[in-house]
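Chemist:
In this note's numbering, the protein residues as written are 5 to 385.
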């Protein structure tokens, strides 16, 4: 049976997801979008992994995928010559897309796909603000993509407003947003990481904070850990990578005491995160506000904490602060987390009125859940 006959039988649109990612089991946005869309569409993932490996398989959520090894990534320095690598990615995947009705291209790195697609045959899903396209010469390319794409998806309305105010967006009707809310599969997951018993043994019944995404200085990893180290009767778990420069400073200052207070877990599959998060006392989510991308960040770990009834401590970033203040899900600050004294004061406030914030998060956090309405089928039908 050829493609056209098959489409007449199952009457489903065929969507190719194109992305560069650390791993499909770690990318929660892709997982949720695929699960939502596969009810009305046949989906296949075409990816370039961070380790540049080549393989084929099926994700844990039932989506077939094919990954590509890019020659340019082997030969060229890391984080440089990104345009050449993006071109390599496009031509590596291009021939695979002929039998698909729509290409759903993820992030700025995949801009070649919406740029060279036929009109209304591509969706550009921007996880971050496309800062390279803010330069005058690149704005023209952005607007070409904007005119050709079916939709451009952003993480929240704050980012759309920022791009509109800076005259980057010319066709507002093309722009929509999908908040990275946790889904019920995540909320009710019982997948336990193999080393979870080691964490429980290390914890030894102590209260702990849940920390995630501290891989870069812009998320204030040093101040976050200093806050924990200087707070009696409190430990913390760090999920994901941790900034090496900050780690060296902390090890030099605290030595073995660091390992007594902080459990550096490393990467964890998305559906194993709830086991580490459910019993946390609170979570800290910080981003500096030096760039628009950080200022208007709305990370999934914020929503994951709230949806599981865990109060949060956040900085002055509008998307996080507005949400936390509106429903009293925790404490927000007047700065972004660069001031350690303010962090201490915020934590004191959170702990002083902890039951108030805990009750609010338990009662109203259940509304922070992904459902099918997060994606409008008119965007891709």
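Just so it is clear, CB atoms sit at the ideal spot from N, CA and C, and this is done for glycine as well.
In this text, all values refer to a predicted model and were calculated from it rather than measured experimentally.
1. Using the beta-carbon count (16 or more within 10 Å), is residue 201 buried or exposed?
2. Looking at residue 134: is its Cβ nearer than 7 Å to the Cβ of residue 126?
3. To the nearest angstrom, report how far apart residue 199 and residue 289 are at their CA atoms.
4. Evaluate residue 236 with the Cβ neighbour count: other Cβ atoms within 10 Å of its Cβ, from every protein chain shown; 16 or more gives buried, anything less gives exposed.
5. If you draw a straight line from the C-alpha of residue 333 to the C-alpha of residue 369, how long is it?
6. Less than 7 Å between the beta carbons of residue 33 and residue 184, yes or no?
7. Can you list the alpha helix (DSSP H) stretches of 4 or more residues lying completely in the stretch 61 to 126, in chain order?
8. Run the proximity test for residue 38: is its beta-carbon closer than 6 Å to any non-hydrogen atom belonging to the ligand GDP?
9. Cα-Cα, which of 346, 350 and 204 is closest to residue 335?
10. Does the beta-carbon of residue 8 have 16 or more other beta-carbons within 10 angstroms, so that it is buried, or is it exposed?
11. Taking only runs of the alpha helix (DSSP H) that begin and end inside the stretch 239 to 327, which ones reach a length of at least 4 residues, in chain order?
12. Just verifying my parser: in three-state terms, what is the DSSP assignment at residue 197?
13. Please report the residue range of the alpha helix (DSSP H) in which residue 348 lies.
14. Since I believe residue 291 is in contact with residue 340 (beta carbons under 8 Å), could you give me their beta-carbon distance rounded to a whole number of angstroms?
15. Report the partner residues of residue 59 according to the DSSP bridge assignment.
16. Once DSSP output is grouped into helix, strand and coil, what is the label at residue 139?
17. Would the stretch 75 to 92 and the stretch 105 to 117 be scored as touching if the rule is three or more Cβ pairs under 8 Å?
Modeler: Working from what's here:
1. If you number the chain shown from 1, residue 201 lands on position 197. Per the 10 Å Cβ criterion, exposed.
2. Mapped onto the chain shown, residue 134 falls at position 130. Mapped onto the chain shown, residue 126 falls at position 122. Taking 7 Å as the Cβ cut-off, residue 134 and residue 126 do not qualify as a contacting pair.
3. By one-based count along the chain shown, residue 199 stands at place 195. By one-based count along the chain shown, residue 289 stands at place 285. Answer to the nearest angstrom: the Cα atoms are 24 Å apart.
4. Along the chain shown, read from residue 1 onward, the residue named residue 236 stands at position 232. With fewer than 16 other Cβ atoms from the protein chains shown falling within 10 Å of its own Cβ, residue 236 counts as exposed.
5. Residue mapping note: residue 333 aligns to position 329 of the chain shown, counting from 1. Residue mapping note: residue 369 aligns to position 365 of the chain shown, counting from 1. Cα to Cα, the separation comes out at about 8 Å.
6. Position 29 of the chain shown, counted from the start, is the residue given in the question as residue 33. Position 180 of the chain shown, counted from the start, is the residue given in the question as residue 184. Against a cut-off of 7 Å, the Cβ pair of residue 184 and residue 33 comes out as a contact.
7. DSSP assignment within the stretch 61 to 126 yields the following whole alpha helix (DSSP H) runs of 4 residues or more, N-terminal first: 75 to 79, 86 to 97 and 116 to 120.
8. In terms of ligand content, the structure shown is empty, and the ligand GDP therefore cannot be addressed.
9. Counting from 1 along the chain shown, the entry for residue 335 is found at position 331. Nearest C-alpha to residue 335 among 346, 350 and 204: 350.
10. The sequence position of residue 8 within the chain shown is 4, counting from 1. Legend: pLDDT at residue 8 = 40, less than 50; position of this residue unreliable, value from coordinates given subsequently. Label assigned to residue 8: exposed.
11. Runs of the alpha helix (DSSP H) inside the stretch 239 to 327: 248 to 258, 261 to 265, 277 to 281, 296 to 299 and 304 to 311.
12. Your numbering for residue 197 matches position 193 in the chain shown. Residue 197 carries a coil assignment under DSSP once its states are collapsed to helix, strand and coil.
13. Taking the chain shown and counting its residues from 1, one reaches residue 348 at position 344. 344 to 356 is the extent of the alpha helix (DSSP H) around residue 348.
14. Here residue 340 refers to the residue found at position 336 of the chain shown. Here residue 291 refers to the residue found at position 287 of the chain shown. Sure, about 7 Å apart at Cβ, within 8 Å.
15. Position 55 of the chain shown, counting from 1, holds the residue named residue 59. According to DSSP, which records beta bridges pairwise, residue 59 is partnered with 71.
16. Locating residue 139 in the chain shown gives position 135, where the first residue counts as 1. When secondary structure is reduced to three states using DSSP, residue 139 falls in the coil class, being assigned neither helix nor strand.
17. A contact exists between the stretch 75 to 92 and the stretch 105 to 117.
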